[in-house]
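Engineer:
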Amino acid sequence: MMDFRLESEFEQEIRSLCELIRWLHARGFTPATSSNFSVRPQGARDIFAVSRTGVDKSTFSPDQMMLVDASTGAARVPRDARPSAETLIHVVLYELFPEAACILHTHSVPGTVLSMQRASEGRIVFRDFEILKGLEHHDSHDVEEVLPIFANTQQMPELAARLRAHVGEHPELAGFLIEGHGLYTWGANVAAARRHLEVFEFLLECTLHLQR
Ligand SMILES: [Zn+2]
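Mind the numbering: the sequence shown is residues 0 to 211 in numbering that gives the first Met the number 0, read in order.
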């Protein structure tokens, strides 16, 4: 276990997240050391823990997490650990969604394929799926959920700016796709984020089947 000297509740969340990461890898959602994940202590605004870059997710363990500064994404513990460039997206999401305490980013086949096929529309709209009730802000299947698709870029500040502008107009955002890349979603804890991820991945897979 990391020696962060933090509350045991946070350590438990880190353990749950690592278990989830290994499960996501087994399902093919995090191939070839891709994807990144983070969790923050309940109520904390100054730090969060994020997965280190370039790590195989099939055996992911708590010592492959690192603590970063919540406002810059710079390494805190260990100081010499290298955070992924995409850590900036986690920084912006925690700032935009103060109630979020876990962020999951995956590279699944359905998410990647659909993000490319629907890129010109800029979004995927899901309607009438019973599983929509699994998203925190819905209590019925009789709703519409919009998953926006942002253009891919290696310039994270550019993506962060687009994200900020989008959330300014659509504050109820629960997840988004990046074209040819993958999915981001989040929740108030690891369990809620996992539920959101499973809902979106299920919806993406169904959508792919339906258009065949
Ligand atoms: Zn990625």
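All C-beta atoms in this analysis are idealised placements derived from N, C-alpha and C, irrespective of residue type, glycine included.
Hey, which unbroken runs of the beta strand (DSSP E) at 3 residues or more fall wholly within the region 69-107?
Structural biologist: Listed in chain order, the complete beta strand (DSSP E) runs (minimum 3 residues) inside the region 69-107 are 74-76 and 101-105.
Engineer: Near residue 85, which residues of its chain fall below 6 Å by C-beta distance, leaving aside the five closest residues on each side in sequence?
Structural biologist: Within the sequence shown, residue 85 is the residue found at index 86, counting from 1. Cβ within range, chain order: 35.
Engineer: In whole angstroms, give me the CA-to-CA distance for residue 212 and residue 174.
Structural biologist: Since the first residue shown for the chain is 0 and the last is 211, residue 212 is missing from the structure and cannot be characterised.
Engineer: Among 119, 33, 129 and 128, which has the Cα closest to the Cα of residue 82?
Structural biologist: Reading the sequence shown from its first residue, position 83 is the one you call residue 82. Checked all of 119, 33, 129 and 128; the closest Cα to residue 82 is 33.
Engineer: Does residue 40 come out as helix, strand or coil in the three-state DSSP assignment?
Structural biologist: Position 41 of the sequence shown, counted from the first residue, corresponds to residue 40. It is coil, neither helix nor strand.
Engineer: For residue 159, report the span of its alpha helix (DSSP H) as first-last.
Structural biologist: As a working note, residue 159 is residue 160 in the sequence shown. Taken as a continuous stretch (DSSP letters only), the alpha helix (DSSP H) holding residue 159 covers 155-168.
Engineer: Does the distance between the C-beta of residue 181 and the nearest non-hydrogen atom of ligand 1 fall short of 6 Å?
Structural biologist: Counting from 1 along the sequence shown, the entry for residue 181 is found at position 182. Yes; taking the cut-off as 6 Å, the Cβ of residue 181 has a heavy atom of ligand 1 nearer than that.
Engineer: Evaluate the contact criterion for the region 111-125 versus the region 45-58: three or more CB pairs, one atom per stretch, below 8 Å.
Structural biologist: Cβ pair count under 8 Å is below three, so no.
Engineer: Out of 31, 183 and 80, state which residue places its alpha-carbon closest to the alpha-carbon of residue 203.
Structural biologist: As a first step, residue 203 must be located in the sequence shown, where it is residue number 204. The candidate whose alpha carbon is nearest that of residue 203 is 183.
Engineer: Kindly indicate the opening and closing residues of the beta strand (DSSP E) around residue 142.
Structural biologist: For the purposes of this step, residue 142 is taken as residue 143 along the sequence shown, with counting starting at 1. Counting along the chain, residue 142 falls outside any beta strand (DSSP E), and DSSP gives it neither H nor E.
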